[in-house]
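Some notes on the structure that comes next.
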Amino acid sequence: MLKTITTLSEKYANRDIYVWELSKDSVTVFGLLAFHQIDISGIVTVSQKYVGKTFLNRKIVISEEIENKEKAVIVLPDNFRGKNLPQGIECIRYSEMLDVDKSLYNSEVFIYGAGYGGRLMYDRLQKAGVEVKAFCVSQRKKEESEFLGKPVLEIDEIACSQDQAIVVSVIQEQYRSEILDRLQEKRARNVYIEDVMPYYDMWQGMFMQAIYRATIEGRDIYLYSKGINYQAQFIKEVFQMYQINIRGYVHKNARDGIRDVYELAFEDPERIIVIINENELIECQEISEILESIGFSLDKFNYVGTRLVSTEYKNGIRFFLDPLLGASARDGQGFPGVRIGRAEDGLSILVLGGSTSTERVYRTKSWPYLLHRKLQEKGIRSTIYNMAHCSNGTVEEILRLIRDGYKCKPDFVISMSGVNNTEHITLDADTEVKNDFVLPHMIRWMNTIYPERSKTYGVETEEDVYDFWVRTEKILETIATSYEAKFLCFLQPMRLGTEKKNLFEECMFNVPVNDEGGKVFRNKAHYSDFYTNLLSLFDEKEGMFIDYCHYTTQANEILADIVCNEIIKANME
Numbered sequence: 063m064l065k066t067i068t069t070l071s072e073k074y075a076n077r078d079i080y081v082w083e084l085s086k087d088s089v090t091v092f093g094l095l096a097f098h099q100i101d102i103s104g105i106v107t108v109s110q111k112y113v114g115k116t117f118l119n120r121k122i123v124i125s126e127e128i129e130n131k132e133k134a135v136i137v138l139p140d141n142f143r144g145k146n147l148p149q150g151i152e153c154i155r156y157s158e159m160l161d162v163d164k165s166l167y168n169s170e171v172f173i174y175g176a177g178y179g180g181r182l183m184y185d186r187l188q189k190a191g192v193e194v195k196a197f198c199v200s201q202r203k204k205e206e207s208e209f210l211g212k213p214v215l216e217i218d219e220i221a222c223s224q225d226q227a228i229v230v231s232v233i234q235e236q237y238r239s240e241i242l243d244r245l246q247e248k249r250a251r252n253v254y255i256e257d258v259m260p261y262y263d264m265w266q267g268m269f270m271q272a273i274y275r276a277t278i279e280g281r282d283i284y285l286y287s288k289g290i291n292y293q294a295q296f297i298k299e300v301f302q303m304y305q306i307n308i309r310g311y312v313h314k315n316a317r318d319g320i321r322d323v324y325e326l327a328f329e330d331p332e333r334i335i336v337i338i339n340e341n342e343l344i345e346c347q348e349i350s351e352i353l354e355s356i357g358f359s360l361d362k363f364n365y366v367g368t369r370l371v372s373t374e375y376k377n378g379i380r381f382f383l384d385p386l387l388g389a390s391a392r393d394g395q396g397f398p399g400v401r402i403g404r405a406e407d408g409l410s411i412l413v414l415g416g417s418t419s420t421e422r423v424y425r426t427k428s429w430p431y432l433l434h435r436k437l438q439e440k441g442i443r444s445t446i447y448n449m450a451h452c453s454n455g456t457v458e459e460i461l462r463l464i465r466d467g468y469k470c471k472p473d474f475v476i477s478m479s480g481v482n483n484t485e486h487i488t489l490d491a492d493t494e495v496k497n498d499f500v501l502p503h504m505i506r507w508m509n510t511i512y513p514e515r516s517k518t519y520g521v522e523t524e525e526d527v528y529d530f531w532v533r534t535e536k537i538l539e540t541i542a543t544s545y546e547a548k549f550l551c552f553l554q555p556m557r558l559g560t561e562k563k564n565l566f567e568e569c570m571f572n573v574p575v576n577d578e579g580g581k582v583f584r585n586k587a588h589y590s591d592f593y594t595n596l597l598s599l600f601d602e603k604e605g606m607f608i609d610y611c612h613y614t615t616q617a618n619e620i621l622a623d624i625v626c627n628e629i630i631k632a633n634m635e
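Sequential numbering from 63 applies to the sequence shown in this note's numbering.
Written as structure tokens, this is what we have:
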């Protein structure tokens, strides 16, 4: 049996657990709790709009309905900053709900893995008061008789009986999958892992939303799995807790009880959802390509994975720590950023922005990739240097342009941005930095290295997020002009700050900490000679967004056309 190391704290074992409000953050909490095998009673809201509806077969209730329930407890996202919580009901943050599984205290505990992950797990269990009997490995080397003062055994030396617990500490997903297969062959009774769905993969949102859509649309759910293994059984048990049935199992290699995945090509993909039960990221990509080849699409939420299948990890792209910017990408050519199109002569175009402008972060074709193709079709030769990167706001864009932009000798500098500037910089859930011209990764590094030292984050300002975005975009224009480049600024489309949302959109597109900033942008953005306002471009169009800001290929085609036309117009001036 597979279990997660942490589960519901005994303090809340007999309580009725509700998740607070409808947002991407709260749905993330819902999913994380569910994947710790915690049964949720429902979602609490202060609005009548969705009361009586259900999310994953759990009712949405008005807060007054549970105010007199002594057993009720409301779970908040860890980053919750709101107010006006119901009176008389205990409200706690997600991380306060979990404790180390109590059964570990009554078991002989073995940590599988005698390396870095094993050390971290040992420290964690020790702090929780769990006694570790020994470490174990698949094949012990002569010098591996002891680790952290505990014996190191081969897994075959352990009976894996009912009173023994095997805690898998190996960090690399490929090895973790192999270990789980090995333990299943041994019929280990109690196997523990950190989690089945990591936090960020759950927060990204596609998994919970795909399952929600499957339930309300009556889709058949298939689990892509090489066998009915520990993790497949775990997922099935979670779904059964929420009265969701898995229709069957599919794989590229059919066997007893598992269908050939290619048979799904003869069915309607829009009536099916396939959940990829695979931890190893490259394998996830290969499975995604198989599904896409037979008509499945991320844009239509008809396949999803327990890991980020929406992100492409192939074709040589790698991410590196960057002391100035936190992280940078290279595509194997040794150039910071991703060079997606090259001509021997013609225009040099440098693209800045966040993940919405990157290639391979989502499996859709990005607008810069499509822009290069459109320019070619119009007979315009170009080299596009895409220096956009995940989470980059205008501060990172400025630093990247100053440090790396000159090398490209750009004719055009293009900034497609906005969404990563909708939130003020914060230190924690309750503390905002009063000057947004700082780098979050630098704050984290300083707080780690010098936790007790006093720090300053610059002169305090009262600038709102929109005014800060405009001011920093004008700095970008000044730098681009110093390179003798033309600057094109686009306020990107986003779903943040919109009032008209259905239940699905509320859970997918409402990110509270950004939504308030989105409203500021919507109230103040206008048509300007300085920037092209695309903020509301997709408000009334279906099929444009994967989530609150990332676009489908169809949407990126539209953006590429707009940018292409602006380049042509500016090039003629």
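C-beta: ideal position from N, C-alpha, C; glycine also.
Assumed close pair I335, N364 - CB separation to whole angstroms, cut-off 8 Å: 5 Å
| task | Report, in whole angstroms, the separation of the C-beta atoms of N454 and G416, which I expect to be a contact under 8 Å. | result | 5 Å
TODO: Mind listing, in chain order, the continuous beta strand (DSSP E) runs of no fewer than 3 residues lying wholly within the stretch 318-358?
DONE: 320-322, 334-338
- How should E535 be labelled, buried or exposed, when 16 other C-beta atoms within 10 angstroms of its C-beta is the threshold for buried? E535 counts as buried, since at least 16 other C-beta atoms from the protein chains shown sit within 10 angstroms of its C-beta.
Q) Looking only at its own chain, which residues have a Cβ that is under 6 Å from the Cβ of S516, when we skip the five neighbours before and after it? A) none
- request: Starting from the C-beta of D87, find all residues in its chain whose C-beta is less than 7 Å away, skip the five residues before and the five after it, and write them out in chain order.
  value: P139, N141, V573, P574
* To do: Go to P213, then tell me how far its beta strand (DSSP E) extends in each direction, as first and last residue.
  => 212-216
Q | Cβ pair V230, L215 closer than 8 Å | A | no
What does the alpha-carbon distance come out to for the pair L432 and N618? 7 Å
**Request:** Would you kindly work out how many angstroms separate the C-alpha atoms of D163 and I136, rounded to a whole number?
**Result:** Roughly 21 Å between the two C-alpha positions.
- Query: Out of curiosity, what's the CA-to-CA distance linking Y178 and C198?
  - Reply: Their backbone Cα atoms lie some 14 Å apart in a straight line.
Go ahead and label L118 buried or exposed: buried means 16 or more other beta carbons lie within 10 angstroms of its beta carbon, across all protein chains shown.
By the C-beta density criterion, L118 is buried, having at least 16 other C-beta atoms within 10 angstroms.
Is D158 helix, strand or coil by DSSP?
According to the sequence as given, residue 158 is Glu; it is not Asp. Correct three-state label for E158: helix.
Nearest CA to the CA of E697: which residue from Y589, L621, I278, Y468?
-> Since the first residue shown for the chain is 63 and the last is 635, residue 697 is missing from the structure and cannot be characterised.
Return the Cβ separation of A294 and N252 in integer angstroms, given the expectation that the two are a contact with Cβ distance under 8 Å. Going by Cβ atoms, the distance from A294 to N252 rounds to 18 Å, so no, they are not a contact pair.
Inset, instruction - Check each candidate in L412, G388, L409 and name the one with the smallest Cα separation from E458. - result: G388
Would you check if there are 3 or more beta carbon pairs closer than 8 Å linking the stretch 146-162 to the stretch 85-104? yes
| What three-state label does DSSP hand K195 in the structure shown? | Strand, per DSSP.
Residues near S71 by beta carbon distance below 7 Å, same chain, minus five either side
Cβ neighbours of S71 beyond the five flanking positions: M159, L160, D161.
task = Would you tell me roughly how many angstroms separate the C-alpha atoms of R309 and D78, rounded to the nearest one?
result = 30 Å
Subject >> Environment of R369 [buried if 16+ CB atoms lie within 10 Å] >> reply: buried
- For M556, does the count of other Cβ atoms within 10 angstroms reach 16, so buried, or fall short, so exposed? Burial check for M556: the Cβ neighbour count within 10 Å reaches 16 or more, so the residue is buried.
Less than 8 Å between the beta carbons of L353 and I608, yes or no? no
| query | Helix or strand or just coil, what does DSSP make of R120? | reply | Reduced to three states, the DSSP call for R120 is strand.
**Asked** Applying the criterion that 16 or more other CB atoms from any shown protein chain within 10 Å of the CB defines a buried residue, is Y593 buried or exposed?
**Response** buried
#### Entry: alpha helix (DSSP H) segment containing D529, residue limits
Run containing D529: 527-544, per the alpha helix (DSSP H) assignment.
- Out of F209, D101, G267, state which residue places its alpha-carbon closest to the alpha-carbon of M303. D101
- Query: Can you list the beta strand (DSSP E) stretches of 3 or more residues lying completely in the stretch 562-619, in chain order?
  - Reply: none
_Nearest by alpha-carbon distance to V106: which of K73, L147, I306, V192 is it?_
Selected option, being the one with the closest Cα: L147.
Start-to-end residues for the beta strand (DSSP E) that takes in Y112
Counting along the chain, no beta strand (DSSP E) covers Y112, and no H or E run does either.
| said: Bridge partners for M63 per DSSP, in chain order? | reply: In the DSSP output, where bridge partners are listed per residue, M63 has none listed.
If we call anything under 8 Å between Cβ atoms a contact, is L538 one with S477? yes
| request: Provide the residue span of the beta strand (DSSP E) that contains D257, from first to last. | output: Here D257 belongs to no beta strand (DSSP E), and DSSP marks it neither H nor E.
**Prompt:** Among the residues of its own chain, which have a CB less than 7 Å from the CB of A176, if the five just before and after it don't count?
**Reply:** Non-local C-beta neighbours of A176 in its own chain, meaning closer than 7 Å and more than five positions away in sequence, comprise F197, V199, E206, F209, V214, ordered along the chain.
Output yes or no for whether 8 Å exceeds the beta carbon distance between N497 and V527. no
Please state the DSSP three-state secondary structure of H98. The three-state secondary structure of H98, taken from DSSP, is coil.
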